[in-house]
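Enquirer: In UniProt numbering, the protein residues as written are 1 to 173.
For every residue, glycine included, the Cβ atom is placed at its ideal position computed from N, Cα and C.
After the structure tokens below, expect a handful of questions from me.
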């Protein structure tokens with residue numbers, strides 16, 4: 001990812017594409033998309049990865065996290081284009097097949113991370129927790145949150161940056 005970001009390395013991108021495109025297609029299919037839709041969104045995700053590669057910062061997140069964030073946003077946009085409301089999009093759970101079922105160790109690790117995250121979220125100042133809740137758990141856009149709370153868009157984004165930094169520090173500790 002770093003080679004793609006720094007020098008638009010075609011070979012590195014081909015390797016990235018070969019690794020992530022099938023995984024992204026599976027990710028989209030878990031949300032009920034048919035093969036054609038899933039493949040199209042996987043390709044659209046990878047196009048955005050190529051275009052936005054200079055924005056990737058390995059100090060802030062892993063490449064997979066960054067790529068799946070792009071994929072998630074595209075999935076939400078696709079649902080909205082098809083007439084779904086925000087609460088339907090956030091309520092949409094992926095279909096889980098027997099092959100995808102997490103093993104016991106993964107479930108314990110996930111539960112431990114969730115407990116740490118839950119604890120860290122309770123330590124946030126109320127205004128930051130509110131913005132986090134609306135943006136990530138109520139699946140509202142930054143503009144919608146700014147309008148609903150009567151605060152500038154930049155304030156919403158600033159609070160989210162502070163939240164993410166605090167949560168990252170709490171989880172790293």
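1) Does DSSP put residue 139 in a helix, in a strand, or in coil?
2) What's the gap between the Cα of residue 122 and the Cα of residue 53?
3) Enumerated in chain order, which unbroken segments of the alpha helix (DSSP H) with a length of 4 residues or greater are wholly contained in the UniProt domain "RNA polymerase sigma-70 region 2" (16-83)?
4) Under 8 Å by Cβ, that's how I've got residue 71 and residue 24 pegged, so tell me the actual separation to the nearest angstrom.
5) Inspect the beta-carbon positions of residue 46 and residue 28 and report whether they are closer than 8 Å.
6) Can you tell me the Cα-Cα spacing of residue 10 and residue 2, whole angstroms?
7) Under a Cβ-count criterion, where at least 16 other Cβ atoms within 10 Å of its own Cβ denotes burial, should residue 148 be classed as buried or exposed?
8) Using a 10 Å radius around the Cβ and a threshold of 16 neighbouring Cβ atoms, would you call residue 132 buried or exposed?
9) Taking the alpha helix (DSSP H) that residue 1 falls in, what are its first and last residues?
10) Taking just the CA atoms, how far does residue 65 sit from residue 119?
11) Distance check for residue 30 and residue 61, CA to CA, integer angstroms please.
12) Residue 199 to residue 138, Cα distance in whole Å?
13) Since residue 76 and residue 49 should fall inside the 8 Å C-beta cutoff, what is the C-beta to C-beta distance between them, to a whole number of angstroms?
14) How far does the alpha helix (DSSP H) with residue 8 in it extend, from its first residue to its last?
15) Taking 8 Å as the cut-off, decide whether the C-beta atoms of residue 126 and residue 162 are in contact.
Expert: According to the structure data:
1) Along the chain shown, read from residue 1 onward, the residue named residue 139 stands at position 139. Here DSSP, grouped into helix, strand and coil, assigns residue 139 to coil.
2) Translated into the one-based positions of the chain shown, residue 122 becomes position 122. Translated into the one-based positions of the chain shown, residue 53 becomes position 53. Answer to the nearest angstrom: the Cα atoms are 34 Å apart.
3) 35-52, 63-81
4) Walking along the chain shown from the start, residue 71 turns up at place 71. Walking along the chain shown from the start, residue 24 turns up at place 24. That pair is a contact at about 5 Å.
5) In the chain shown, residue 46 corresponds to position 46, counting from 1. In the chain shown, residue 28 corresponds to position 28, counting from 1. Contact: no.
6) As a position in the chain shown, residue 10 is number 10, starting the count at 1. As a position in the chain shown, residue 2 is number 2, starting the count at 1. If you take the alpha carbons of residue 10 and residue 2, they lie about 12 Å apart.
7) As a position in the chain shown, residue 148 is number 148, starting the count at 1. It is exposed - the Cβ of residue 148 has fewer than 16 other Cβ atoms within 10 Å.
8) By one-based count along the chain shown, residue 132 stands at place 132. Its Cβ being crowded by 16 or more others within 10 Å, residue 132 is buried.
9) Against the chain shown, residue 1 aligns to sequence position 1. No alpha helix (DSSP H) contains residue 1, which DSSP labels as neither H nor E.
10) Counting from one through the chain shown, the residue named residue 119 turns up at place 119. Counting from one through the chain shown, the residue named residue 65 turns up at place 65. Roughly 22 Å between the two C-alpha positions.
11) In the chain shown, counting from the first residue as 1, residue 61 sits at position 61. In the chain shown, counting from the first residue as 1, residue 30 sits at position 30. Their backbone Cα atoms lie some 24 Å apart in a straight line.
12) The shown model of the chain, from 1 to 173, leaves out residue 199, and the question about it has no answer.
13) On the chain shown, position 76 is the one that residue 76 refers to. On the chain shown, position 49 is the one that residue 49 refers to. So it is not a contact: roughly 17 Å between Cβ atoms.
14) The sequence position of residue 8 within the chain shown is 8, counting from 1. Counting along the chain, residue 8 falls outside any alpha helix (DSSP H), and DSSP gives it neither H nor E.
15) As a working mapping, residue 126 is identified with position 126 in the chain shown. As a working mapping, residue 162 is identified with position 162 in the chain shown. No. Outside cutoff.
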